[in-house]
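Number of protein chains: 2
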Amino acid sequence: MRIGELAERAGTTTRTLRYYESRGLLPARRAVNGYRTYDESDLRLLRQIRTLQDFGFDLEETRPFVECLRAGHPAGDSCPASLAVYRRKLAELDGLIGDLQSVRAQVGAQLAQAEAARAGLAAEAEVPGGPEPRCELTPHTN
Amino acid sequence: MRIGELAERAGTTTRTLRYYESRGLLPARRAVNGYRTYDESDLRLLRQIRTLQDFGFDLEETRPFVECLRAGHPAGDSCPASLAVYRRKLAELDGLIGDLQSVRAQVGAQLAQAEAARAGLAAEAEVPGGPEPRCELTPHTN
DNA sequence: CCTTGCCTTGACCTCGGCGTCAAGGATTAC
DNA sequence: GTAATCCTTGACGCCGAGGTCAAGGCAAGG
Chain A
6 MRIGELAERA GTTTRTLRYY ESRGLLPARR AVNGYRTYDE SDLRLLRQIR
56 TLQDFGFDLE ETRPFVECLR AGHPAGDSCP ASLAVYRRKL AELDGLIGDL
106 QSVRAQVGAQ LAQAEAARAG LAAEAEVPGG PEPRCELTPH TN
Chain B
6 MRIGELAERA GTTTRTLRYY ESRGLLPARR AVNGYRTYDE SDLRLLRQIR
56 TLQDFGFDLE ETRPFVECLR AGHPAGDSCP ASLAVYRRKL AELDGLIGDL
106 QSVRAQVGAQ LAQAEAARAG LAAEAEVPGG PEPRCELTPH TN
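So the sequence lines, in the order shown, correspond to chains A and B.
Count along the first sequence from 1, then add 5; that gives the number in the numbering used here.
Count along the second sequence from 1, then add 5; that gives the number in the numbering used here.
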């Protein structure tokens, strides 16, 4: 099969396949006319790559999986190197999730506090107190 | 104060300040010799920007806060536009966290499965019996 | 005067994963 | 024959938030 068909069957683009090849991830045989030629095993490799990409793995991280498949293993994650990548990724995800949750908490607290402050101002305004400050948007030109 | 001092006091670089200025976020007065001149209020604006950046806000999202401060409000988040950014950010964070947790669960499951498969192979080697069923990676639809 | 250390603008580099031409060759369809 | 599709390589664009030169101006101390 040629590049267009493989791309379509994997739900990606020819550009992407050429890019993977340029990174040494998915080399192609060549037909006499110079066209890239692929078979079903390439489709499996490609699907492995795409699955991991969808999980947010970067290309380099998919390499062990691909090599594992090419080595004849039943699955891309049948090899120790792939498992190591899984574990690193889990740690990375945990760190990231923790950071985001921390940020979420802080931003949530800021919002709550700012809302409370505005409520305080509103109450002040009802009772004859101070004037409400107003936000003026200053347009910026560069 | 000149750009170098402001940068140092805010824990950032002169390049960053010039970049902010180019984006219209932190305009500077100029001394006769052409040097940028800042005062304490600029330091406050800058700190507001940096705080939000540390939270993962992009520059454009900090603009309402900066304009709010420049309008004379006590805090960058005293204005409705800033609160709106907070809320959008919270929603964005919640979505992101959810996505990452989903990915984490899937990757964790893959790892567990792959480890089990490897254990199965090891056991098989010890006790030659029936081959364990092998699971393939869930294909992705894109 | 000369060095040192600020400052100025401008312009290109980084990174990942491709998108998007451009110019031309190969194959197939009619 | 020729149009319509495929394919090839090459090269620039994108995005955000600056980093990193380069070439030169301004001020102050010795």
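We put the beta carbon where it would ideally sit given N, CA and C, even for glycine.
{"Check": "Beta-carbon separation (whole angstroms), Leu148 of chain A vs Leu95 of chain B, contact threshold 8 Å", "Outcome": "This structure cannot speak to residue 148 of chain A, because chain A is shown only from 6 to 147."}
{"Check": "Residues in the segment 99–115 of chain A having any Cβ partner in chain B nearer than 8 Å", "Outcome": "Asp99, Leu101, Ile102, Leu105, Gln106, Val108, Arg109, Gln111, Val112, Gly113 and Gln115"}
{"Check": "Sheet register partners of Arg41 of chain B (DSSP bridge)", "Outcome": "B:Arg35"}
{"Check": "Nearest-angstrom beta carbon gap, Leu31 of chain A and Leu50 of chain A [assumed within contact, 8 Å]", "Outcome": "6 Å"}
{"Check": "Under the three-state DSSP convention, the category Ser107 of chain A falls into", "Outcome": "helix"}
{"Check": "Near-chain B residues of the segment 10–30 of chain A (beta-carbon distance less than 9 Å), N- to C-terminal order", "Outcome": "Ala15, Gly16 and Thr17"}
{"Check": "Contact with chain B by Ser83 of chain A, beta-carbon distance below 8 Å", "Outcome": "yes"}
{"Check": "Candidates A:Gly100, A:Thr42, A:Thr18 and A:Gly29: closest to Pro69 of chain A by CA position", "Outcome": "A:Gly29"}
{"Check": "For Ala114 of chain B, three-class secondary structure by DSSP", "Outcome": "helix"}
{"Check": "Separation of Arg52 of chain A from Thr18 of chain B, as counted between CA atoms", "Outcome": "44 Å"}
{"Check": "Contacts that Ala148 of chain A makes with chain B (C-beta to C-beta distance below 9 Å)", "Outcome": "Examination of residue 148 of chain A is not possible in this model, given that chain A is present from 6 through 147 alone."}
{"Check": "Rounded separation between Cys73 of chain A and Ala80 of chain A - CA only", "Outcome": "7 Å"}
{"Check": "Residue nearest to Leu22 of chain B in terms of C-alpha spacing, selected from B:Asn38, B:Arg55, B:Arg93 and B:Tyr91", "Outcome": "B:Arg55"}
{"Check": "Cβ separation of Leu57 of chain A and Glu66 of chain A, assumed to be a contact under 8 Å, to the nearest whole Å", "Outcome": "7 Å"}
{"Check": "C-beta atoms of Ile102 of chain B and Ile8 of chain A nearer than 8 Å", "Outcome": "no"}
{"Check": "Any chain B beta carbon closer than 8 Å to Leu64 of chain A", "Outcome": "no"}
{"Check": "C-beta contact flag for Tyr91 of chain A and Val112 of chain B at 8 Å", "Outcome": "yes"}
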